[in-house]
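Protein chains in written order, with the numbering used here: chain A, 71 to 405; chain B, 20 to 114. By construction, the Cβ of each residue, glycine as well, lies at the ideal position given by its N, Cα and C atoms. Computed from a prediction, not measured in an experiment: that's the story for all the values here. For reference, the structure is listed below as structure tokens.
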Amino acid sequence: MVIPDFTHKMSAHCESGALTSLLNHAGLEISEPLVFGIASGVFFGYFHKAKAFPFPTFIVRNKPGQMRRNIEKRLGVEFAEYRFKDPALGMSRLDELISRNIPTACQVDFFYLDYVPSWERVHINVHFMIVIGKEEQQYIVSDAYFPQIMKLDERSLEKGRFAGGNMSPEGFLFHTRSVPEKIDLETAIRKGIKKACFNMLSIPMPFLGVKGIRMFARKVTEWPNFARDTEHLSHEIMKINILLEDQGTGGAGFRFMYATFLQQASSILRLPTLKDLSQELMLIGDGWREISLFAARIGKNRDLGAEKLGQLGAMIAGRADAEENFFRKLSKVVH
Amino acid sequence: MPTTPDYKLKMEIKTMILDTLGITDVPIETIEDDKPLFGGGNALTLDSVDAIEIIMAIQRIYGIRITDQHIAREVVRSIDSIALFIADNRENKAI
Chain A
71 MVIPDFTHKM SAHCESGALT SLLNHAGLEI SEPLVFGIAS GVFFGYFHKA
121 KAFPFPTFIV RNKPGQMRRN IEKRLGVEFA EYRFKDPALG MSRLDELISR
171 NIPTACQVDF FYLDYVPSWE RVHINVHFMI VIGKEEQQYI VSDAYFPQIM
221 KLDERSLEKG RFAGGNMSPE GFLFHTRSVP EKIDLETAIR KGIKKACFNM
271 LSIPMPFLGV KGIRMFARKV TEWPNFARDT EHLSHEIMKI NILLEDQGTG
321 GAGFRFMYAT FLQQASSILR LPTLKDLSQE LMLIGDGWRE ISLFAARIGK
371 NRDLGAEKLG QLGAMIAGRA DAEENFFRKL SKVVH
Chain B
20 MPTTPDYKLK MEIKTMILDT LGITDVPIET IEDDKPLFGG GNALTLDSVD
70 AIEIIMAIQR IYGIRITDQH IAREVVRSID SIALFIADNR ENKAI
């Protein structure tokens, strides 16, 4: 069986895409950029020495699950959530939910999704997709990264949902429980923007927000100290491109998606300034894309001397200045 | 109806790719329009870093910013797909 009337849509990011599809199915017409913006998805964090990461790394969005919680809080939507220790129980609960025609989002390790070509499979424990049916031993899946509905073997889904490691999914499921009849989109947008500005400008931690971008700019020159050899360093430097461009970020580390949100917010709030800021953020995003390209190029060419890493650091510092200026202006528009 | 990309546009795209990537040893006439640019099978064999360069060159030269990496992947598949994309989106500057 397949849940009737579910519309599959591709989206830039798996979590905001899954949230958007579930909300759309529940009757709330809302775009992925609006979901992302209301959920204050845009962020930056740099982790130079952290237990969870063997090598310095960074994030460009808020932590997994935070978007869902922010959407609940700001739109008044209610999601039902489930975690399981027992895989059999986790699978039978999923079967029961889809038998009741409830599209259900699953957190999975991307590596175990057998419809993903083998060369694209990597271990990412926080991938989200929606199960919309089951036919014999195969689940029918709406995965926002694919243009059409996919089929996934029962065993593969179980492995993906109960994979181990950092941020393991623990069989996590969620679905929409209720959507309020009336939603105050304008207030939700303002709150989402205010929180994003706070996160980028005012969290008193030296590695979060704009301060985190500055730390990244300073510390990237120290990356050779963490690497086993040139191959390892080049791999890590090239990962900058992957983290910014190729992990469902919508390009430029979610900056393009946030710019699209501001453009849509400009119409809803009737604030033309937001449209100007949207264009400014697109240009800031272009700068992040330049960083992606530079990192990919020096990594590919193994051209990783102090001079090149210094240049990379200077480019990143430029983004910190631009984003500080941008978020200060944005915070004044919605104060 | 999709716009049919013409010969001139495809030649422009091939020149753009060769110039952007600094490739001098591949004659332009050997690049096939419908063959994949990645993974072999064409006179040009490109990688993911080249793909970003091409995406940025499309933005610089044609003013079209591709903000969705799923679309980007499809666009840079072949000369035909790049040409079709540019022809269809010249007026719509952010995709």
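Discussion item. Please report the straight-line C-alpha distance between Pro46(B) and Met30(B), rounded to a whole angstrom.
Written reply: 12 Å
Drop a sphere of 10 angstroms on the beta-carbon of Val280(A), count the other beta-carbons inside from all chains shown, and report buried for 16 or more, exposed for fewer.
buried
Would you mind working out which of Pro239(A), Leu347(A) and Arg260(A) sits nearest Leu339(A), comparing C-alpha positions? Arg260(A)
* Check each residue of the stretch 48 to 75 of chain B: if its Cβ is closer than 7 Å to any Cβ of chain A, include it; give the result in chain order. => Val68, Ile71, Glu72 and Met75
- Message: Would you say Thr39(B) lies against chain A (beta-carbon separation less than 8 Å)?
- Response: Chain A, which has no Cβ nearer than 8 Å to the Cβ of Thr39(B), makes this no.
- prompt: How is the alpha helix (DSSP H) around Thr90(A) delimited, first residue to last?
  reply: Cys84 to His95
At a CB distance below 8 Å, what residues from the stretch 76 to 92 of chain B approach chain A? Give them in sequence order.
Gln78, Arg84, Ile85, Thr86, Asp87, Gln88, His89 and Ala91
**Prompt:** Going by alpha carbons, who is nearest to Leu65(B) out of Thr39(B), Leu28(B) and Asp107(B)?
**Reply:** Thr39(B)
Q. Counting along the chain, where does the beta strand (DSSP E) carrying Tyr152(A) start and finish?
A. That run of the beta strand (DSSP E) goes Glu148 to Tyr152.
| query | Between Cys84(A) and the rest of its own chain, which residues show a CB-CB distance below 6 Å, the 5 nearest in sequence each way excluded? | reply | His197, Phe198, Ala214 and Gly318
Given that a residue counts as buried once 16 or more other Cβ atoms are within 10 Å of its Cβ, and exposed if not, what is Phe123(A)?
-> exposed
Starting from Asp69(B), trace the alpha helix (DSSP H) in both directions and tell me its first and last residue.
Ser67 to Tyr81
Can you find the residues in the same chain that come closer than 8 Å, C-beta to C-beta, to Ala258(A), ignoring five residues on each side of it along the sequence? Once the five neighbours on either side are set aside, the close Cβ partners of Ala258(A) are Ile108, Arg144 and Leu145.
Output needed in chain order: residues of the stretch 239 to 261 of chain A with a Cβ under 8 Å from some Cβ in chain B. none
*Which chain B residues sit within Cβ distance under 8 Å of Tyr215(A)?*
His89
### Query
If you compare alpha carbons, which of Arg170(A), Ile194(A) and Lys221(A) is closest to Ala233(A)?
Ile194(A)
Where the alpha helix (DSSP H) containing Phe396(A) begins and where it ends | Ala376 to Val403
| said: Contact criterion: CB-CB distance below 8 Å. Does Leu363(A) meet it with respect to chain B? | reply: yes
| message | Let's see if you can read the secondary structure: which residues bound the beta strand (DSSP E) around Thr246(A)? | response | Per DSSP, Thr246(A) belongs to the beta strand (DSSP E) from Leu243 to Ser248.
(message) Let me see if you follow: with CB-CB separation under 8 Å, is Arg231(A) close to chain B or not?
(response) Cβ-Cβ to chain B under 8 Å: no for Arg231(A).
Discussion item. If distances are taken between C-alpha atoms only, which option among Arg359(A), Gly262(A) and Asn311(A) comes closest to His405(A)?
Written reply: Gly262(A)
Item to complete: Quick one: residues in its chain with C-beta nearer than 7 Å to the C-beta of Ile141(A), no 5 flanking neighbours on either side, listed in chain order?
Response: Answer for Ile141(A): Leu89, Val105, Ile108, Ala109 and Val147, listed in chain order.
For Asp316(A), decide whether its Cβ has a neighbour in chain B, counting only Cβ atoms nearer than 8 Å. yes
Worksheet item: On the premise that Ser348(A) lies in contact with Pro342(A), defined as a C-beta separation below 8 Å, what is that separation, rounded to the nearest angstrom?
Response: With 8 Å as the limit, Pro342(A) and Ser348(A) do not qualify as a contact, their Cβ atoms being about 10 Å apart.
Where in the stretch 212 to 245 of chain A do unbroken runs of the beta strand (DSSP E), each at least 3 residues long, occur, reported from the N-terminal end onward? 220 to 223
Within this structure, are the beta carbons of Arg153(A) and Gly241(A) separated by less than 8 Å?
-> Gly241(A) sits close to Arg153(A), with the two beta carbons spaced by under 8 Å.
Handout entry: Secondary structure of Thr22(B), DSSP reduced to three states
Key = Because Thr22(B) sits at a pLDDT of 49, beneath the cut-off of 50, its placement in the model cannot be relied upon, and the following sentence gives the value as read from the coordinates. Looking at Thr22(B) - three-state DSSP - the assignment turns out to be coil, as it is neither helix nor strand.
CB contact check: Arg367(A) to chain B, cutoff 8 Å: It does: the Cβ of Arg367(A) has a partner Cβ on chain B nearer than 8 Å.
Roughly how many angstroms lie between the CA atoms of Ala102(B) and Met308(A), to the nearest whole one? Straight-line Cα distance between these residues: approximately 28 Å.
Alpha carbon to alpha carbon, how far is Ala387(A) from Asp99(B)? 39 Å
Q. Quick one: what's got a C-beta closer than 6 Å to Leu313(A)'s C-beta in the same chain, skipping five residues either side?
A. Counting only Cβ-Cβ distances below 6 Å, and skipping sequence neighbours, we find nothing.
Note to self: Can you give me the C-alpha to C-alpha distance between Pro21(B) and Arg109(B), rounded to a whole angstrom?
What the structure shows: Only weak support exists for where Pro21(B) lies, its pLDDT of 46 falling under 50; the value from the coordinates is given anyway. Distance between the alpha carbons of Pro21(B) and Arg109(B): 13 Å.
What number of angstroms, rounded off, separates the C-alpha of Phe244(A) from the C-alpha of Arg231(A)?
13 Å
*For Arg359(A), return the contacting residues in chain B, with the cut-off set at a CB-CB distance below 7 Å.*
Met75
- Item | Arg191(A) - DSSP class collapsed to helix/strand/coil | coil
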